[in-house]
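Accompanying notes for the structure given below.
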Amino acid sequence: MSKGARTVDIAGNLARVRERIARAAQRVARPPQEIRLVAVSKLVEAERVQEAVAAGVSDIGENYVQEAAAKRAEVREGARWHLVGHLQQNKAGKAVTIFDMIQTVDSPRLAKAIGKRAEAAGRTMAVLLQVNTSGEESKFGAAPEQVEGLLEAVQGVSGLRAEGLMTIGRWDPDPERARPEFRLLAELARRLEDRTGVEMRWLSMGMSHDFEVAIQEGANLVRIGTGIFGPRPG
Ligand SMILES: *Cc1c(COP(=O)(O)O)cnc(C)c1O
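Sequential numbering of the sequence shown, starting at 1, is according to this note's numbering.
Put into structure tokens, the structure is as follows:
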């Protein structure tokens, strides 16, 4: 364990993040309780994750299937685990046994792979559709104009339940730059509900540097890593 990791005040960071969430919500007259915090713990040791759970974290986000499998075994029961990183189809079987929600479904093929493995495991997997709202080529996610087709495909797969949308804002030192993307995701969710009748319960958007803007645009799942656990190694 690095010396740096020991000195991070996880409970203190968490309290500060929660306060900022509450203030951002109040600014747009939203009840802070409707915003759920996902603590993203990629590359963070299980011990630190346990510390966050002890401090009240109910939802944990991980990017890698193997890493999450090892950690989930070590962290006390009770938290919900979210996959927030890209999923390779050949890991779908393992993913459905570890995660409570997969936030990164971006193709009908992946949806089918997850659904098949979820059914085989006797469960229904909650999923979010990942949308590439910034149009950046480096990003995973369905194009905005493909999302309705993707939702229809997901609805046609048994073993899956579509519960909303997820996006990653463009990285910019000025978080205002990501506002149009967050606004687009919220608009897409409203449009999909109108056109398909499927409830888009969750809007997963906003990370450590831009969650306040995301909350102003309607986020109710925010994914925060470094703001809680400190800088990642490497
Ligand atoms: C790493 C990661 C986060 C957390 O990022 P921070 O900037 O550390 O808050 C959130 N969402 C996804 C998809 C990530 O990969």
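Glycine included, every Cβ here is placed at the ideal spot set by N, Cα and C.
Bear in mind that the values here come from a model prediction, so they are computed numbers and not experimental data.
So, helix, strand or coil for E176, using DSSP? Correct three-state label for E176: helix.
Along the alpha helix (DSSP H) that carries G149, what are the first and last residues, could you check? Counted as a single uninterrupted DSSP element, the alpha helix (DSSP H) harbouring G149 occupies residues 147-155.
When DSSP labels each residue in this structure, what does D194 get in the three-state scheme? Helix.
R36 versus A22, I10, V49, residue with shortest Cα-Cα distance: Among A22, I10, V49, the Cα nearest to that of R36 belongs to A22.
Chain-order list of residues whose beta-carbon lies under 8 Å from that of R232 (same chain, five-residue window excluded): Cβ within range, chain order: K42, L43, V44, G225, T226.
According to DSSP, which residues form a beta bridge with Q130? Looking at the DSSP output, Q130 bridges to M166.
Threshold first: 3 residues or longer. Then list the beta strand (DSSP E) segments lying entirely within the segment 91-119, N to C. Counting only runs of 3 or more, we get 101-105.
Counted within 10 angstroms of its Cβ, other Cβ atoms place A132 as buried (16 or more) or exposed: A quick correction: the sequence has Asn, not Ala, at residue 132. Flag for N132 reads buried.
Would you say H209 touches ligand 1, meaning its beta carbon is less than 7 Å from a heavy atom? Under cutoff, so the answer is yes.
Within its chain, find whatever has a CB closer than 6 Å to the CB of M1; leave out the 5 residues flanking it on each side and keep chain order. The pLDDT assigned to M1 is 48, lower than 50, so where the model puts this residue is not dependable, and the model offers no usable value.
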